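Peer 1: Take 383 as the starting number for the sequence shown in the working numbering and just add one per residue.
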Amino acid sequence: MNNFEKFLIFCSGAYLPLVRRCPASINRFMGIGATVLFTAIFAGLAVSYALSTVFSSFWVILGIALIWALMIFNLDRYIVSTLKKQDQFFPEFKQALPRLVLALLIALVIAKPLELRIFEKEINRELDEQRLATIENSREKIAAGYPEINELESKIENLRAGIAAKEDFRNQKQVEYDQERFGVKTEGTTGLAGIGINAEKKEKQLDQAEQDYQYTQKLNEGRIQDLEEEIRRINVLKEQEFQNQMVSLDAYDGLAARLQAFRDLMLKNTAIYWANWMIVFLFVMIEMAPILVKLMGSRGPYDQLLDFHEAGIVLTGEEQWYKKSGDSAVRKEVFDGLYDKRKARRVDFELGMLGEK
């Protein structure tokens, strides 16, 4: 038996000196030990991925992952080593039930980080969609907090509408003046070509409309610039508030966020939902495999030798107890005898002293 085989038997929780005396059981215990070992390795890999979403230091992740793998290894080894064969299914199952529940919990803990790693691309896409929705929601909430922007934009539209109205009126007077000059007959023109009294009158109206348009344009453009400057100032405040929220949003990529995204993804995608449960079932079976092997297997020579070995230790302890109890009783009898003799001598001495008096 080489060192690797001894190590696998150690992983199975079996007592190596007794396994040596049962060559037929060596392969069984090696298989159980390998299952326990690989479960611990999977646990270390799973927790290392989970930790990578929290820590950035490789050595911190490695240290915690090793501690976690050793803890899972110790738990699995303890679970397997404390399950004894009795060739009675129901007592064995009753004994194994708490261990099966513990194995189920361990399997669920191990499987979850690996699921996140397997579906990492899908989870990243889901996180991006949620991030975009959060950004849009944040912008809407921030915009709702600055209603004065809509008021300022409404004022700007009214001012531009005033400029457009003056321009339209000026253009209308230009058309009427041109029609009067060129003899175009309309309701407002005489139909006589040339610069006459009506044409001069139309020209004055055009000049007045042009001056009114220029004045209104200059006045409203100044007001529009002031209003736009105020809007830009408010937009700067909005952008600063948005950037402050984006700092926390950019960090929205931790373990809890990925778990929530994975849950939402399973609710949306039936294929991912069933694939997830198949992975969980696989790890549950891997974690329970050593216990199930012991339950399904029959009582063998190793189990008989183990009972003899433990019974021998108990009998040896009882023998030591009885021996020490007997020695203690003998010492007590000797002590009681010596005490009685000393007491008798003291009484004789006291009687002799009284007689002399």
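From the three backbone atoms N, C-alpha and C, an ideal C-beta is built for every residue, glycine too.
Please read all numbers here as calculations on a predicted model, not as lab measurements.
1. Does DSSP put A396 in a helix, a strand or coil?
2. Put N540 into one of helix, strand or coil per three-state DSSP.
3. Does Y704 come out as helix, strand or coil in the three-state DSSP assignment?
4. Distance, Cα to Cα, D594 vs K548?
5. Can you give me the start and stop residues for the alpha helix (DSSP H) that T421 sits inside?
6. Could you check where the alpha helix (DSSP H) with N456 kicks off and where it finishes?
7. For V601, count neighbouring Cβ atoms within 10 angstroms of its own Cβ and tell me buried if that reaches 16, exposed if not.
8. From this set, M678, I408 and L534, which residue's C-alpha is nearest E611's C-alpha?
9. Over what stretch of residues does the alpha helix (DSSP H) that includes T568 continue unbroken?
10. Using alpha carbons as the reference points, say which of C404, F624 and N658 lies closest to E518.
11. Go through the region 490-544 residue by residue and report every complete run of the alpha helix (DSSP H) that reaches 4 residues or more, in order.
12. Assess, as a yes-or-no matter, whether the region 503-514 is touched by the region 643-659 under the definition of 3 or more beta carbon pairs within less than 8 Å.
13. Can you check whether the CB of V418 is closer than 8 Å to the CB of V462?
14. Quick check on F624: does DSSP put it in helix, strand or coil?
15. Is the beta carbon of I454 less than 8 Å from the beta carbon of I488?
16. Report the rounded CA-to-CA distance for L482 versus R507, giving the unit in angstroms.
17. How many Å lie between I545 and S536 at the Cα?
18. To the nearest angstrom, how far is the alpha carbon of Q556 from that of E585?
19. Relative to the alpha-carbon of E497, which residue among F389, I661 and Q554 has its alpha-carbon at the smallest distance?
20. Tell me the rounded alpha-carbon separation between K323 and L637.
21. Assuming R403 is part of the alpha helix (DSSP H), what are its boundary residues?
Peer 2: The relevant details are as follows:
1. By 1-based counting over the sequence shown, the position of residue 396 is 14. In the three-state scheme derived from DSSP, where H, G and I count as helix and E and B as strand, A396 is classed as coil.
2. Along the sequence shown, one-based indexing puts residue 540 at 158. Here N540 sits in helix by DSSP.
3. Taking the sequence shown and counting its residues from 1, one reaches residue 704 at position 322. Three-state result, Y704: helix.
4. For the purposes of this step, residue 594 is taken as residue 212 along the sequence shown, with counting starting at 1. For the purposes of this step, residue 548 is taken as residue 166 along the sequence shown, with counting starting at 1. Straight-line Cα distance between these residues: approximately 7 Å.
5. Position 39 of the sequence shown, counted from the start, is the residue given in the question as residue 421. Residues I408 to S434.
6. Here the question's residue 456 lines up with position 74 in the sequence shown. Looking at the DSSP string, the run of the alpha helix (DSSP H) that includes N456 is F440 to S463.
7. Walking along the sequence shown from the start, residue 601 turns up at place 219. The sequence shown places Leu at residue 601, not Val. L601 counts as exposed, since fewer than 16 other beta carbons sit within 10 angstroms of its beta carbon.
8. Within the sequence shown, the letter at position 229 stands for residue 611. Nearest option by C-alpha distance: L534.
9. To locate residue 568, count along the sequence shown from 1; it is residue 186. No alpha helix (DSSP H) contains T568, which DSSP labels as neither H nor E.
10. Residue 518 sits at position 136 when you count from the first residue of the sequence shown. Closest option to E518, Cα to Cα, is F624.
11. 502-526
12. yes
13. As a position in the sequence shown, residue 462 is number 80, starting the count at 1. As a position in the sequence shown, residue 418 is number 36, starting the count at 1. Yes; because the gap between Cβ atoms is below 8 Å, this pair is in contact.
14. Taking the first residue of the sequence shown as position 1, residue 624 is located at position 242. In the structure shown, F624 sits in a helix (DSSP, three-state: H, G or I).
15. Residue mapping note: residue 454 aligns to position 72 of the sequence shown, counting from 1. Residue mapping note: residue 488 aligns to position 106 of the sequence shown, counting from 1. Their beta carbons are under 8 Å apart, which means I454 touches I488 by this criterion.
16. If you number the sequence shown from 1, residue 482 lands on position 100. If you number the sequence shown from 1, residue 507 lands on position 125. Linking L482 to R507 through their CA atoms gives a straight-line distance of about 36 Å.
17. As a position in the sequence shown, residue 545 is number 163, starting the count at 1. As a position in the sequence shown, residue 536 is number 154, starting the count at 1. Taking the straight line joining both Cα atoms gives about 14 Å.
18. Here residue 556 refers to the residue found at position 174 of the sequence shown. Here residue 585 refers to the residue found at position 203 of the sequence shown. Rounded to whole angstroms, Q556 to E585 spans 8 Å at the Cα level.
19. Reading the sequence shown from its first residue, position 115 is the one you call residue 497. When only C-alpha atoms are compared, the closest one is I661.
20. Here the chain has residues from 383 to 739 only, and residue 323 is not among them.
21. The count along the sequence shown starts at 1 and reaches residue 403 at position 21. Looking at the DSSP string, R403 is not in any alpha helix (DSSP H), and its letter there is neither H nor E.
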